[in-house]
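A quick write-up on the structure given underneath.
Residue numbers (my numbering): 8 to 76.
Next comes the structure, spelled out in structure tokens:
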């Protein structure tokens with residue numbers, strides 16, 4: 008079995024690093040562990056109307072916040 012941990016940006020908080028290390032240690036006996044880190048992209052300060060429409064459209068599909076777009 009293969010398990011892949013995917014993170015967006017670097018893990019900065021100490022407790023997150025410790026948690027990841029603990030999971031890798033426990034699961035390593037049962038599966039091959041792989042870590043993939045993707046770069047965190049910064050959003051532009053001001054979005055065009057078209058970009059804002061796209062963000063709102065995507066937000067409706069995966070909107071976990073209380074505020075509706």
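Glycine residues also receive a C-beta, built at the ideal position from the N, C-alpha and C atoms.
*asked:* Once the 5 residues before and after residue 95 are set aside, which same chain residues still bring their CB inside 6 Å of it?
replied: The structure shown does not extend to residue 95, since the chain is modelled only from 8 through 76, so no value can be given for it.
### Stretch-stretch touch, CB-based, cutoff 8 Å, three pairs: the segment 11-31 with the segment 44-51
yes
message: For the beta strand (DSSP E) containing residue 13, name the first residue and the last one.
response: First-last of the beta strand (DSSP E) with residue 13: 9-15.
Next on the checklist: So, at 7 Å on beta carbons, what are the nonlocal neighbours of residue 34 in its own chain, with the 5 sequence-adjacent residues on each side left out?
Outcome noted: 10 and 40
Worksheet item: If we call anything under 7 Å between Cβ atoms a contact, is residue 8 one with residue 36?
Response: no
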